[in-house]
Amino acid sequence: MYLITAYFDEESNRNLAQIMKGLAETCGNSFLLDHQVPPHLTICQVEARGPEGLTLALENLKGKLESGEIYLVSPGMLLPYVACISPLGTEYLGDLSHRVYDAIKDIREAKVSKYYRPGSWYPHVTMGKTLTRPQLSMAMDYLADHFTPCRVKLTKLGLAEVNPHKDLLRFHLL
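Per the working numbering: the sequence shown = residues 1 to 174.
The following block contains the structure:
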């Protein structure tokens, strides 16, 4: 599995990483930290035999996608085991999702997850993963106490392998 992800400006990344670390310490689950997963917003999840077609498609997007500001507004969860922060849906995010999808939809050996297609995508920034039910409850309490809605900037786009997380490509948005 491969993820096409957007990454944040340095200050936002630092702030989100601090929340991620505090959440891990509070609930006792450090999966994201242990696997060195940086704060990110997954744009698309793809099953593929290899990264070659995806890499080429993303290389073709270099210089064509703009950075943009989004608003992270609400702690949330994806049951049964993910604590996250959700952005406000914006035209910018919708356009980014469509443009990435259009770039990879015709790659024969790639299949985009039905949960990451334009119109059925739930944008979120994962703060805790593989949480048990008690850990999820603690994580939500932590986010309620430590997260404040904020404006962040998406400045990079990348392709990563998962399990373990490994960046394959990352480039700056205009």
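Just so you know, even glycine gets a beta-carbon here, dropped at the ideal spot from N, CA and C. All values reported here derive from a predicted model rather than from experimental measurement.
Quiz item: My guess is that G53 and E109 are in contact by the Cβ rule of under 8 Å, so how many angstroms apart are they, rounded?
Solution: Yes, G53 and E109 are in contact; Cβ-Cβ is about 6 Å, under 8 Å.
Quiz prompt | Residue range of the unbroken beta strand (DSSP E) whose run includes Y142 | solution = Counting along the chain, Y142 falls outside any beta strand (DSSP E), though it belongs to the alpha helix (DSSP H) covering 133 to 146.
Quiz item: Taking all protein chains shown into account, do 16 or more other C-beta atoms lie within 10 angstroms of the C-beta of Y39, making it buried, or fewer, making it exposed?
Solution: Before going on, a small fix: residue 39 reads as Pro here, not Tyr. Buried, because 16 or more other Cβ atoms sit within 10 Å of the Cβ of P39.
Practice problem: Would you kindly report the start and end of the unbroken alpha helix (DSSP H) that includes T5? | Solution: Note, T5: premise wrong, no alpha helix (DSSP H); beta strand (DSSP E) at 2 to 8.
Quiz item: Can you tell me whether DSSP reads E52 as helix, strand or coil?
Solution: Assignment of E52 by DSSP, reduced to helix, strand and coil, places it in the helix class.
Exercise. Provide the residue span of the alpha helix (DSSP H) that contains L32, from first to last.
Key: Where L32 is concerned, the enclosing alpha helix (DSSP H) stretches over 31 to 34.
Quiz prompt | CA nearest to the CA of Y2, picked from G128, T55, A160 | solution = With respect to the C-alpha of Y2, the residue from G128, T55, A160 having the closest C-alpha is A160.
Quiz prompt | Straight-line gap, R133 to F8 (C-alpha atoms, nearest Å) | solution = 29 Å
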